[in-house]
Amino acid sequence: DAKTTQPPSMDCAEGRAANLPCNHSTISGNEYVYWYRQIHSQGPQYIIHGLKNNETNEMASLIITEDRKSSTLILPHATLRDTAVYYCIVRVLKNAGNNRKLIWGLGTSLAVNP
Amino acid sequence: GAGVSQSPRYKVAKRGQDVALRCDPISGHVSLFWYQQALGQGPEFLTYFQNEAQLDKSGLPSDRFFAERPEGSVSTLKIQRTQQEDSAVYLCASSRRGGSTEAFFGQGTRLTVV
């Protein structure tokens, strides 16, 4: 699986949009971009995933550049409860081999401030 | 239950002691994963089960680590002769299928070896 690069930390004011970048310049054509987050002392939580189109769900939006070498996770109205470590992961989505596992980096520690 | 349940939440073991960590996945989920997370790091893959079959154990750090899922539901991660470097949070995750988009994580078991 391709490696990802994320800033180690970011700050955001409560109520503002949080834009978390991720670089995945070696991503392959069949690899998806996943985002998980981990609130302190809890297990990771799935947020969203995408291949090449922008995606939106009740938690966030995912913007993937046209060349797919980078993406941005957007939390439109950050709250204090969004303070967490956010992980960007690229992964082949197929039901074979060792591709089931997730390979994690260090993520971005997002602090939402009042 | 509604989510993945892990027990115990906290375990303190004396060096050399054997420990067993339990994971109750979401009912009906075929795939089960174990991850190890050291302080300040992202989770690292240990092993993967599809039903009762252990299909990937490439992440187990040594032969002191053993995992089983005999009936395809509850899983146990056993660590023999614990060492200080085994101190970490052990996370269990389950998903409907190996290629599922979303893995659901438990809260983890924090193991401290003294």
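Chains S and B, in that order, are what the protein sequence lines are.
The numbers in the numbering used here rise by one with no breaks, and the one at position 71 of the first sequence is 71.
The numbers in the numbering used here rise by one with no breaks, and the one at position 50 of the second sequence is 1050.
For each residue, glycine too, the CB sits at the ideal point set by N, CA and C.
Buried or exposed by the 16-neighbour rule on C-beta atoms within 10 Å, applied to residue i
{"i": "B/Arg1015", "result": "exposed"}
{"i": "B/Asp1056", "result": "buried"}
{"i": "S/Asp11", "result": "exposed"}
{"i": "B/Ile1043", "result": "According to the sequence provided, residue 1043 of chain B is Pro. The question's Ile does not apply to it. It is buried - the Cβ of B/Pro1043 has at least 16 other Cβ atoms within 10 Å."}
{"i": "S/Asp82", "result": "buried"}
{"i": "B/Thr1109", "result": "buried"}
{"i": "B/Ser1058", "result": "exposed"}
{"i": "S/Ile27", "result": "buried"}
{"i": "S/Ile39", "result": "exposed"}
{"i": "S/Ser9", "result": "exposed"}
{"i": "B/Ala1088", "result": "buried"}
{"i": "S/His77", "result": "exposed"}
{"i": "B/Arg1097", "result": "exposed"}
{"i": "B/Thr1047", "result": "buried"}
Proximal chain B residues relative to residue i, where beta-carbon distance stays under 7 Å
{"i": "S/Gly43", "result": "Leu1091, Phe1105, Gly1106, Gln1107 and Gly1108"}
{"i": "S/Gly107", "result": "Gly1042"}
Selected residue, minimal CA-CA separation from residue i, among the options
{"i": "B/Gln1041", "options": "S/Val90, S/Trp35 and S/Leu106", "result": "S/Leu106"}
{"i": "S/Gly15", "options": "S/Val85, S/Leu102, S/Gly43 and S/Leu80", "result": "S/Leu80"}
{"i": "B/Ser1031", "options": "B/Glu1071, B/Ser1007, B/Ala1093 and B/Arg1081", "result": "B/Ala1093"}
{"i": "B/Gln1017", "options": "B/Thr1101, B/Lys1078 and B/Phe1104", "result": "B/Lys1078"}
{"i": "B/Thr1082", "options": "B/Gln1006, B/Arg1064, B/Val1004 and B/Ser1073", "result": "B/Arg1064"}
{"i": "S/Glu31", "options": "S/Lys3, S/Ala18 and S/Gly43", "result": "S/Lys3"}
{"i": "S/Leu51", "options": "S/Ser71, S/Glu58 and S/Arg37", "result": "S/Ser71"}
{"i": "B/Phe1104", "options": "S/Ala13, S/Gly43 and S/Pro7", "result": "S/Gly43"}
{"i": "S/Ile47", "options": "B/Leu1060, B/Ser1027 and B/Glu1102", "result": "B/Glu1102"}
{"i": "S/Glu66", "options": "S/Asn53, S/Ser109 and S/Ser41", "result": "S/Asn53"}
{"i": "B/Ala1020", "options": "B/Gly1028, B/Ser1007, B/His1029 and B/Ile1026", "result": "B/Ser1007"}
Within chain S, partners of residue i - CB distance below 8 Å
{"i": "B/Pro1043", "result": "Pro44, Leu102 and Trp104"}
{"i": "B/Tyr1010", "result": "Within 8 Å Cβ-Cβ: nothing; B/Tyr1010 doesn't reach chain S, min ~11 Å."}
Delimiting residues of the beta strand (DSSP E) encompassing residue i
{"i": "S/Arg37", "result": "Glu31 to Gln38"}
{"i": "B/Arg945", "result": "No information on residue 945 of chain B is available, as it lies outside the stretch 1001 to 1114 that chain B covers here."}
{"i": "B/Pro1008", "result": "Where B/Pro1008 is concerned, there is no enclosing beta strand (DSSP E), given that its DSSP letter is neither H nor E."}
{"i": "B/Ala1093", "result": "Ala1088 to Ser1095"}
{"i": "S/Ala111", "result": "Thr108 to Asn113"}
{"i": "S/Ser61", "result": "Ser61 to Ile64"}
{"i": "S/His49", "result": "Gln45 to Gly50"}
{"i": "S/Asp11", "result": "Ser9 to Ala13"}
{"i": "S/Val90", "result": "Ala84 to Val92"}
{"i": "S/Ala117", "result": "In this structure chain S extends from 1 to 114, so residue 117 of chain S is not present and cannot be described."}
{"i": "S/Leu75", "result": "Ser70 to Leu75"}
Cross-chain neighbours of residue i in chain S, by beta carbon under 9 Å
{"i": "B/Asp1024", "result": "Going along chain S, no residue has its Cβ under 9 Å from B/Asp1024, so there is no contact; the nearest lies around 13 Å."}
Beta-carbon neighbours of residue i, restricted to chain B and to distances below 9 Å
{"i": "S/Tyr87", "result": "Gly1042 and Pro1043"}
{"i": "S/His49", "result": "Thr1101 and Glu1102"}
Check: residue i C-beta below 7 Å from any heavy atom of the ligand FAD
{"i": "B/Asp1018", "result": "Because no ligand of any kind appears in the structure shown, any question about the ligand FAD cannot be addressed here."}
7 Å Cβ cut-off: residues of chain S touching residue i
{"i": "B/Ser1031", "result": "Arg100"}
{"i": "B/Thr1076", "result": "What B/Thr1076 touches in chain S: nothing, since even the nearest Cβ is about 18 Å away."}
Every unbroken beta strand (DSSP E) inside the segment 1024-1084 of chain B [3 residues or more]:
Runs found: 1031-1037, 1044-1050, 1053-1056, 1065-1068 and 1075-1079.
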